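Chains X and G are the protein sequences, given in the same order. Under numbering that gives the first Met the number 0, the first residue of the first sequence carries the number 0, and numbering increases by one thereafter. Under numbering that gives the first Met the number 0, the first residue of the second sequence carries the number 0, and numbering increases by one thereafter.
Number of protein chains: 2
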Amino acid sequence: MLSNRIKELEASPIRRLNPYAAEARKNGKKIYPLNIGQPDIKTPNEYKSAIENYEEKVLSYADSKGIPELINSFVEYYEKHNMNFTKDDIIITNGGSEALLFAFLALFDLGDNVLMPEPYYANYNSFMHIAGVNVTPITTKAEDDFALPSKEDILKLVTPKTKAILITNPSNPTGKVYSKEEIYLIKEVALEKNLYIIADEVYREFVYDGLEFTSFAHIEEINDNVVIIDSISKRYSACGSRIGCIASKNKELMANMLKLAQSRLSVATLEQIGAANLVNVDENYLKEVNDEYRNRRDVLYNSLQKMNGVICNNPQGAFYVIAKLPVKDAEKFAIWLLTDFHINNETVLITPAESFYATEGLGRDEVRISYCTNVEALTKAMYLLEEALKVYPDKK
Amino acid sequence: MLSNRIKELEASPIRRLNPYAAEARKNGKKIYPLNIGQPDIKTPNEYKSAIENYEEKVLSYADSKGIPELINSFVEYYEKHNMNFTKDDIIITNGGSEALLFAFLALFDLGDNVLMPEPYYANYNSFMHIAGVNVTPITTKAEDDFALPSKEDILKLVTPKTKAILITNPSNPTGKVYSKEEIYLIKEVALEKNLYIIADEVYREFVYDGLEFTSFAHIEEINDNVVIIDSISKRYSACGSRIGCIASKNKELMANMLKLAQSRLSVATLEQIGAANLVNVDENYLKEVNDEYRNRRDVLYNSLQKMNGVICNNPQGAFYVIAKLPVKDAEKFAIWLLTDFHINNETVLITPAESFYATEGLGRDEVRISYCTNVEALTKAMYLLEEALKVYPDKK
């Protein structure tokens with residue numbers, strides 16, 4: 000008998016359509032993948048060249064904390080963002096995923112509670128499930144541009160079991176960039192209720208329209224409360240590197256977090272060598288990438304706006320949008336796109352958004368669309384989606 | 000307030016002497032590291048060359064299960080060992096460490112129980128702690144060559160909470176290679192009590208003196224019970240790759256395990272590319288490595304045998320030995336070696352063995368010594384240990 004824990008673990012909603020996609024591909028269909036956050040931008044050469052130049056004869060364990068060169072490169076990067084971390088404040092992790100798992104294990108006991116805006120990144124559910132943590136959602140809505148409710152409304156959700164607030168900024172899946180006022184509102188709730196703030200900022204570089212990005216690490220007053228979750232995956236189009244980190248000025252937290260890092264010995268050595276050299280990437284790289292995504296965002300948003308019965312807001316960060324479709328069940332629609340629909344043997348893969356909500360019933364007619372693909376593909380995919388909605392039988 | 004879970008997590012006994020070692024190094028001491036299982040053997044060139052030849056422009060997420068080339072290379076490797084796994088029976092993991100964590104999460108609910116011979120690899124404690132699993136030790140002793148007790152004695156330890164038996168074969172830290180009879184004894188207990196068998200076989204290639212290695216995967220009758228934990232770390236001297244796997248013929252288990260793999264998205268892509276190419280390493284490599292370790296084992300064992308008051312058995316596998324020292328507290332002795340002892344500014348780093356035991360009080364006068372270093376260094380280290388024991392003040 001397997002554990003109830005594993006049986007009750009929900010399969011990743013982002014990946015569970017993969018078998019349908021595989022079957023469609025086998026039948027000769029071309030699929031435009033708008034389902035995952037896998038950028039098609041070239042990874043900077045600095046990554047691979049550093050690995051090629053690495054001459055150690057034995058591929059040995061790295062320090063459990065991460066190699067000094069990589070930690071220092073994060074320190075240098077943070078300095079540019081006015082985030083004041085030293086090398087002792089950083090532990091390298093297997094992507095943002097492990098950073099999140101470590102944070103859940105370190106800050107919560109079984110049955111404790113995390114507060115977070117919904118819709119939220121669905122994989123959080125897996126880490127919460129593994130750590131035995133419950134979520135209390137702060138519901139936000141497309142029609143309000145996913146703005147946070149008032150401080151009073153948030154305070155009402157805090158119970159003695161609430162240990163932390165998790166904020167993804169910019170947000171996956173909504174593309175929301177929290178305003179300075181909203182960040183300070185969360186800060187006040189955290190101080191008043193003595194909560195940790197887990198700030199997942201992996202999309203920090205993906206902010207558009209001249210908006211200012213405010214990190215919780217900018218607020219010295221809450222140094223001991225804040226845990227930053229980070230990753231090079233999106234920033235440098237290096238999802239396959241699995242290099243992320245946890246950063247916090249809370250000494251006790253980091254000392255304890257190190258025990259978790261030691262238990263799994265180390266993060267892959269060569270990937271750390273490659274990632275450390277990204278500090279030498281030309282400064283224009285991130286700017287050009289940002290321009291490219293803003294352009295894609297425009298294409299996507301303009302297309303969605305024109306579709307009959309589709310409702311979405313204009314995302315100002317990350318590379319996702321939550322769109323409400325004129326269908327009864329978005330998961331069924333997403334599957335139908337793969338099994339029953341095509342134009343000239345082409346179709347689209349999108350992610351049903353229901354799993355991004357903790358509140359029962361919300362998001363059933365919504366999808367998350369990622370704009371990680373180039374404009375040409377995106378334009379084609381939007382055409383396919385529009386035509387599909389015209390002929391889909393199970394509409395609202 | 001941090002979680003009780005993290006505060007109660009024991010720091011890795013293998014790594015917690017590191018600060019003393021760092022201090023000693025800062026003071027100019029040369030340290031012979033006999034504490035960790037970090038081989039000094041050259042990693043085969045095939046690893047790095049495959050990475051260098053990888054030409055994809057985007058370093059993207061790999062499949063959560065692992066890349067097909069790597070999975071196939073494991074299948075091919077297992078065939079040579081008469082282990083009948085197909086590609087659907089394997090999930091690639093972040094080293095053996097993640098494979099173990101996944102196994103604990105998938106097979107145990109909170110408060111469930113695992114049976115395992117002690118002394119055992121101390122890091123198991125971390126994964127058990129994270130998964131909320133308790134251990135019931137099957138005590139084995141150096142004076143019996145760490146042989147398993149009778150079937151009746153083992154059956155007595157099984158309770159309704161017992162879900163699995165974990166066997167490390169060859170064993171870290173004892174170097175024990177389980178006989179075919181012992182493997183079949185465990186098989187019978189598992190069948191009689193309907194238990195899973197978690198078989199950590201990462202040292203499979205390190206068996207000496209012409210002994211036959213028996214894998215639980217050789218016994219078709221228990222296909223559904225067996226979960227193999229594996230890793231290329233030791234086999235190919237590639238600890239820094241963090242490439243391991245879980246292999247099992249149990250379809251339901253593997254389908255559920257995949258959900259855990261999907262939650263952390265994927266394992267580092269380039270490391271998988273490198274590891275997949277190890278299937279092309281010359282067949283003599285593993286044989287030569289085996290000869291080298293057997294030689295080191297002989298040097299180590301012969302030296303320890305000659306030391307006054309030291310008791311140990313002759314390990315026939317892996318690259319560790321458990322040695323009983325004539326000291327009251329082996330941890331204090333290990334620290335003293337770093338802080339107070341040196342000959343010509345040289346000293347030794349060894350691992351106190353108490354954390355390898357679950358039974359209170361056992362192992363306090365024992366250490367684990369790793370023979371991952373070359374014969375010259377090992378000879379020097381043994382000389383230092385012998386001299387240290389002569390002058391150590393807190394002897395039994």
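Every residue, glycine too, gets a C-beta built ideally from N, C-alpha and C. All values derive from a computational prediction rather than experimental measurement.
- When secondary structure is reduced to three states using DSSP, residue 53(G) falls in the coil class, being assigned neither helix nor strand.
- Annotated three-state conformation of residue 129(G) is helix, per DSSP.
- Any Cβ of chain X closer than 7 angstroms to the Cβ of residue 214(G) would place that residue at the interface, and such an atom is absent.
- Below the 7 angstroms Cβ cutoff, chain G contributes 37, 238, 239 as neighbours of residue 60(X), in chain order.
- Counting along the chain, the unbroken beta strand (DSSP E) around residue 345(X) starts and ends at 345 to 348.
- Exposure of residue 149(X) is indicated by the presence of fewer than 16 other C-beta atoms within 10 angstroms of its C-beta.
- Leaving aside the five residues that flank residue 376(G) on each side, the residues in its chain whose CB is nearer than 6 angstroms to its CB run, in chain order, 31.
- In this structure the stretch 80 to 94 of chain X does not lie against the stretch 106 to 117 of chain X, because fewer than three pairs of beta carbons, one per stretch, are closer than 8 angstroms.
- For the C-beta of residue 255(X), the chain G residues within less than 8 angstroms are, from N- to C-terminus, 1, 5, 6, 8.
- Residue 155(X) sits in coil when the DSSP states are folded into three classes, being neither helix nor strand.
- Going by DSSP, residue 243(G) is part of the beta strand (DSSP E) stretching over 242 to 246.
- Assignment of residue 162(X) by DSSP, reduced to helix, strand and coil, places it in the strand class.
- Residue contact check for residue 291(X) against chain G: no CB pair falls below 7 angstroms.
- Partner residues in the beta bridge of residue 366(G), as assigned by DSSP, are 322(G), 351(G).
- By the Cβ neighbour-count rule, residue 254(G) is exposed, with fewer than 16 other Cβ atoms within 10 Å of its own.
- A buried status is given to residue 186(X), since no fewer than 16 other beta-carbon atoms sit within 10 Å of its beta-carbon.
- Residue 320(X) is positioned such that its CB atom lies closer than 7 angstroms to that of residue 174(X).
- Among the bridge pairs identified by DSSP, residue 206(G) is matched with 316(G).
- Residue 248(X) and residue 239(G) have their C-alpha atoms spaced approximately 28 angstroms apart.
- Against residue 42(X), the close residues of chain G are 55, 56, 57, 58, 59, in the order they occur along the chain (beta-carbon pairs closer than 9 angstroms).
- For residue 147(X), there are no neighbours in chain G by C-beta distance under 8 angstroms, as the nearest C-beta there is about 25 angstroms away.
- Per DSSP, residue 330(X) lies in no beta strand (DSSP E); the unbroken alpha helix (DSSP H) holding it starts and ends at 329 to 338.
- Contact check for residue 58(X) against residue 237(G) passes: the beta carbons are separated by less than 7 angstroms.
- Under the DSSP definition of a beta bridge, residue 192(G) lacks any partner.
- The beta carbon of residue 122(G) falls within 7 angstroms of a beta carbon belonging to chain X, placing the residue at that interface.
- Taking a C-beta cut-off of 8 angstroms against chain G, the contacting residues of the stretch 91 to 122 of chain X are 93, 94, 96, 97, 100, 104, 105, 106, 107, 108, 109, 111, 122, listed in chain order.
- For residue 252(X), the chain G residues whose C-beta falls within less than 8 angstroms of its own C-beta are 1, listed in chain order.
- Exposed is the label assigned to residue 283(X), since fewer than 16 other Cβ atoms lie within 10 Å of its Cβ.
- Between residue 347(G) and residue 384(G), the C-beta gap is smaller than 7 angstroms, which places the two residues in contact.
- Of all residues in the stretch 260 to 284 of chain G, the ones placed with a Cβ closer than 8 angstroms to any Cβ belonging to chain X are 261, 262, 263, 264, 265, 266, 267, 268, 269, 270, 273, in chain order.
- When the Cα atoms are used, residue 163(X) and residue 130(X) turn out to be separated by approximately 14 angstroms.
- For the pair residue 231(G) and residue 243(G), the Cα-to-Cα distance works out to about 6 angstroms.
- Contact annotation for residue 31(X) against chain G: no contact, minimum CB-CB distance about 16 angstroms [criterion: below 7 angstroms].
- DSSP places residue 115(G) in the strand class (E or B) of the three-state scheme.
- Nearest CB-CB separation between residue 64(X) and chain G: not below the 7 angstroms threshold.
- A direct Cα-to-Cα measurement between residue 21(G) and residue 332(G) gives close to 17 angstroms.
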